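Each protein sequence line maps, in turn, to chains A and B. If you're matching positions, the first sequence starts at 40 in the working numbering and goes up one per residue. If you're matching positions, the second sequence starts at 358 in the working numbering and goes up one per residue. Don't be surprised by glycine CBs; every beta carbon is placed ideally from N, CA and C. Everything numeric in this text was worked out from a predicted model, so none of it was measured.
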Amino acid sequence: MRDKSHMEAVERWAEFVRTHPRSEWKPAVDALINATYEKADEFYLRLEQTEKGREILKRLMEDRISDIKH
Amino acid sequence: MERGVGDRNILDAFAIDFCKVLERHAKYIVVSGFVAISHGRRRTTEDIDTIIEKMPFEIFKKLHEDLDINGFHCIQSSKVEDIYDYLERKDSVRYVRKGTVLPPEMEIKFVKDEIDEIQMRTRKKFALTGLDIWFSSIEFNIAFKEELLKSPKDMEDARHLRIIYKDEIDEHFINEIKKMIRILRLRNER
């Protein structure tokens, strides 16, 4: 359960977005989204480098596809 | 591979590339999390939810082939007949960039009821997002998040959108949508 301070942070940020030009808030959003994906990509690339990692990767992929199909 | 370019992050680039193809074959709307994220909400998502108009198999086949040519593949199946079956059964299908089964992914569903039809009729493009993409209206997104989805993440998305559009939101319309959600969606779930 998230506490009240979490929603307050959401509200403060939304107010900033509302009152500032896109050029001031968009880079922060882009950095967060890109960094999240890049970190995940790096992790999967690391897994690919070892046999054990490749097994884990195979399990993750199978699990993911199976989840989507059912 | 450089996935986010210039003013476009990874999700923006994925959505733009996908919707460019979609636009050639179907009326569509992007709904839910990506609407809030495109309006500056500081979070990310693995899937972009999209609703498309119902279409005959032959038209869908052309859409699927165009997606294939433009570097997207469906995770559930490569057979277009199977993919169309998913949609006909009111399930979603998921497309990702070729060469991976990893996100971001586009989750697509057919219009399923009167609420979706109204969402489609009242779709909008939002200058603030800087994206040439059709979205469902802010009122629809707020109503779904507050009345149906209700997770902390969804409630925060709704709050974010309420603040961004605080002088423009049609509260009466939100309440009407919530009524429809209770009748058409929540009643069916009980």
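| query | result |
| --- | --- |
| Which residue comes first and which comes last in the alpha helix (DSSP H) that contains M463 of chain B? | Per DSSP, M463 of chain B belongs to no alpha helix (DSSP H); it is in the beta strand (DSSP E), E462 to F467. |
| Considering just the uninterrupted stretch of the beta strand (DSSP E) at R451 of chain B, what are its terminal residues? | V450 to R454 |
| Starting from the beta carbon of E54 of chain A, find every residue of chain B whose beta carbon is closer than 8 angstroms, and list them in chain order. | I520 |
| Counting beta carbon pairs with one atom in the stretch 75-95 of chain A and one in the stretch 374-382 of chain B, are three or more of them shorter than 8 angstroms? | no |
| Rounded to whole angstroms, what's the CA-CA distance from I386 of chain B to I534 of chain B? Just pull it up for me. | 17 angstroms |
| Report yes or no: do the stretch 480-498 of chain B and the stretch 455-464 of chain B share at least 3 C-beta pairs separated by less than 8 angstroms? | no |
| Counting C-beta neighbours from all protein chains within 10 Å, is the total for Q476 of chain B 16 or more, i.e. buried, or is it exposed? | buried |
| What residue does the alpha helix (DSSP H) around I531 of chain B start on, and which one ends it? | E528 to I538 |
| DSSP on K43 of chain A, reduced to helix/strand/coil? | helix |
| Consider the Cβ of L84 of chain A: report whether some Cβ of chain B lies at a distance smaller than 8 angstroms. | no |
| Which residues in the same chain have their Cβ closer than 8 angstroms to the Cβ of E445 of chain B, if we skip the five residues on either side of it in sequence? | F467 |
| For L541 of chain B versus L505 of chain B, is the C-beta spacing smaller than 8 angstroms? | no |
| If I follow the unbroken alpha helix (DSSP H) through V378 of chain B, where does it start and stop? | I367 to E380 |
| Going by C-alpha to C-alpha distance, which of B:A372, B:W491, B:R398 and B:I538 sits closest to K65 of chain A? | B:R398 |
| Measure the CB-CB distance between D404 of chain B and R451 of chain B and report whether it falls below 8 angstroms. | yes |
| Tell me the rounded alpha-carbon separation between E87 of chain A and Y76 of chain A. | 17 angstroms |
| To the nearest angstrom, how far is the alpha carbon of H517 of chain B from that of S435 of chain B? | 38 angstroms |
| From this set, B:E528, B:L459 and B:D524, which residue's C-alpha is nearest E54 of chain A's C-alpha? | B:D524 |
| Sort out for me which residues DSSP pairs F429 of chain B with in a bridge. | B:R454 |
| Beta-carbon of L368 of chain B versus every beta-carbon of chain A: anything under 8 angstroms? | yes |
| So for D406 of chain B, helix, strand or coil by DSSP? | strand |
| Taking the alpha-carbon of A370 of chain B as reference, which of B:K502, B:L488 and B:Q433 has the nearest alpha-carbon? | B:L488 |
| Judging by CA-CA distance, which residue of A:F82, A:D69, A:R41 and A:A79 is the nearest neighbour of I394 of chain B? | A:D69 |
| Comparing alpha-carbon positions, which option in B:I408, B:G390 and B:H396 lies nearest A67 of chain A? | B:H396 |
| Hey, quick one: how far does the beta strand (DSSP E) through I386 of chain B stretch, first residue to last? | Y385 to V388 |
| I408 of chain B and D473 of chain B look like a contact to me (Cβ under 8 angstroms); what is the Cβ gap, rounded to whole Å? | 6 angstroms |
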